[in-house]
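Accompanying notes for the structure given below.
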DNA sequence: CGACTGATTGAGATTGTTCAAGTTCGGTGG
DNA sequence: CCACCGAACTTGAACAATCTCAATCAGTCG
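Chains as they are written, first to last, in the working numbering: chain A, 1 to 240; chain B, 1001 to 1240.
Laid out in structure tokens, this is it:
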């Protein structure tokens, strides 16, 4: 939650000047010009390196973060340290459990990210007044619920091989907010440990499954993180 | 989705006359008297036996069901038949994915249930107009999301023993909508197969874990379904 | 060039599954 | 009231998937 030198630099970027797709599909697209202007005064666009914790589990929340680029991971930890990643958030999602004063989970930058931080009270006031924004947040909550439930099937019923294939497909379909379909070449936005924690597996099992996908000619891996999906159809078949 | 003779009988029960806790905490508690009266004309209270399918996966939805008593299970199935239960709904939850024309999952009575069926359009019109109801449904969605994410930790990171203990605790805390804390004696509202499908295990493993909890003196089981939690503290410790 | 971190690979231990009997429960009919 | 039946549940033994532990490899940073 510390502000680094990079953040101060990023404050120079005017919040209103960009009109990329991320803004339109996200929260900001739901706001009237005067609301946007007002919001821009209370808002800071911040760049954070991978690994930065945005909120801790059972910690007080006083702001929401709109993801502008990069991937945020949401996780929970058992007393003995076992960890489970319970969701990934891509641009233009809003990070933070609405209305909760205490965060039920940890939110952490999985990759380098750019976020737009909004004070909790500001956003909640805005939600009261703006029905379009309210509907958009309701839709995000329902979409996240759908995704969580889909992932429960993956966690509970799929084999290690199917889990890894499912994750690659998930990332391919979510990574680029402007892309229509799947991206076939991308950098994994997370470490092997993160992947294992997302899939309910160990690093070793994940690694073995990657090796198998590689030797079966379905993907290529270079520099650990760089993935090319060579045969998308076969990858989909392996998702169970 | 068929209406049985029992349902016709149940129509005699006036929808408005009961003022139990379920109504206050649920949807109906958010409605003004005239809204309630209007709703009662479009609404039917129905009893359904365990096993009745309320909506099928990828099926058109034209109504929402308010759970009045009993337990509804939500599930998804992989092509090859592997099934995962992705949520349980207790009174006074509303069953049905808001705004979706097609249900992303199957909803089925896990036990005998009483539901109150509301036409899709009627409810959605009501939500537009009534901010209290809207907030209540938003809260239900967020609560379900929290629960789904909690359960992801159970599915991904807990051992079979911890999973079974977690389920018993979940049921003990949710079964009686009027009770404050945990119920210590109850009938399981679902079969061993349902339990296995909820926990991502097989029936045999579930059965073995029940036997262990029994022989360790933490619970007693009579007639397969009737559970008494003898040592709640130890049960909680086994949840991981 | 080492030292370090993250990823891969291998071998053996463990957990949970599969398959195959039994057993109990609840209902039915004599 | 009891015998019988099918469905649901339990138990056991062998097997398979995944984990654990340990060694090795690759890339990065000082």
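A virtual CB, placed ideally from N, CA and C, is assigned to each residue, including glycine. Computed from a predicted model, the values in this text were never measured in an experiment.
No residue range can be given for residue 1189(B), since it is assigned to no beta strand (DSSP E) and is classified by DSSP as neither H nor E. Beta-bridge partners assigned by DSSP to residue 1114(B): 1047(B), 1069(B). Residue 224(A) counts as exposed, since fewer than 16 other beta carbons sit within 10 angstroms of its beta carbon. In the three-state reduction of the DSSP assignment, residue 95(A) falls in the strand class. Chain B has no Cβ within less than 7 Å of the Cβ of residue 206(A).
Residue 1226(B) counts as exposed, since fewer than 16 other beta carbons sit within 10 angstroms of its beta carbon. Against chain B, a Cβ distance below 8 Å from residue 144(A) picks out 1145. DSSP places residue 1108(B) outside any alpha helix (DSSP H); the residue lies instead in the beta strand (DSSP E), whose first and last residues are 1106-1109. In the DSSP assignment, the residues bridged to residue 1119(B) are 1063(B).
Residue 1159(B) counts as exposed, since fewer than 16 other beta carbons sit within 10 angstroms of its beta carbon. Note that the C-beta distance between residue 231(A) and residue 218(A) is below 7 Å.
Under the criterion of beta carbons closer than 8 Å, residue 1107(B) and residue 1095(B) qualify as touching, at roughly 5 Å.
It is roughly 11 Å from the alpha-carbon of residue 1087(B) to the alpha-carbon of residue 1194(B). The beta carbon of residue 32(A) sits closer than 6 Å to none of the beta carbons in its chain outside the five residues before and after it. In the pairwise beta carbon analysis, the stretch 146-159 of chain A is classified as touching the stretch 1073-1085 of chain B: at least three pairs are separated by under 8 Å.
The beta-carbon of residue 236(A) is placed no less than 7 Å from the nearest beta-carbon of chain B.
A direct Cα-to-Cα measurement between residue 89(A) and residue 59(A) gives close to 19 Å. Straight through space, the alpha carbons of residue 1103(B) and residue 1056(B) are spaced by roughly 7 Å. The Cβ-Cβ distance between residue 1092(B) and residue 1163(B) does not fall below 7 Å. When the Cα atoms are used, residue 149(A) and residue 1184(B) turn out to be separated by approximately 29 Å. For residue 1097(B), the closest of 1215(B), 1113(B), 1145(B), 1172(B) by C-alpha to C-alpha distance is 1145(B). Judged by DSSP secondary structure, residue 1228(B) falls within the beta strand (DSSP E) whose first and last residues are 1226-1229. In the three-state scheme derived from DSSP, where H, G and I count as helix and E and B as strand, residue 1214(B) is classed as helix.
Per DSSP, the continuous alpha helix (DSSP H) segment holding residue 38(A) begins and ends at 33-41. By alpha-carbon distance to residue 1151(B), the top candidate from 1170(B), 1213(B), 1142(B), 1139(B) is 1170(B). Taking 7 Å as the cut-off, the Cβ atoms of residue 1238(B) and residue 1165(B) count as close.
Using a Cβ-Cβ cut-off of 7 Å, residue 1096(B) does not count as an interface residue toward chain A, since no Cβ of chain A sits closer than that to its own. At a cut-off of 7 Å between C-beta atoms, residue 1232(B) does not count as an interface residue with respect to chain A. With the criterion set as a beta carbon lying under 7 Å from some beta carbon of chain B, the stretch 30-60 of chain A has no members that meet it. Residue pairing of residue 1076(B) in beta bridges, as defined by DSSP: 1084(B).
Remark: three or more beta-carbon pairs, one from each stretch, lie closer than 8 Å, so the stretch 1113-1125 of chain B and the stretch 1063-1071 of chain B are flagged as touching.
Not one beta carbon of chain A lies nearer than 7 Å to the beta carbon of residue 1131(B).
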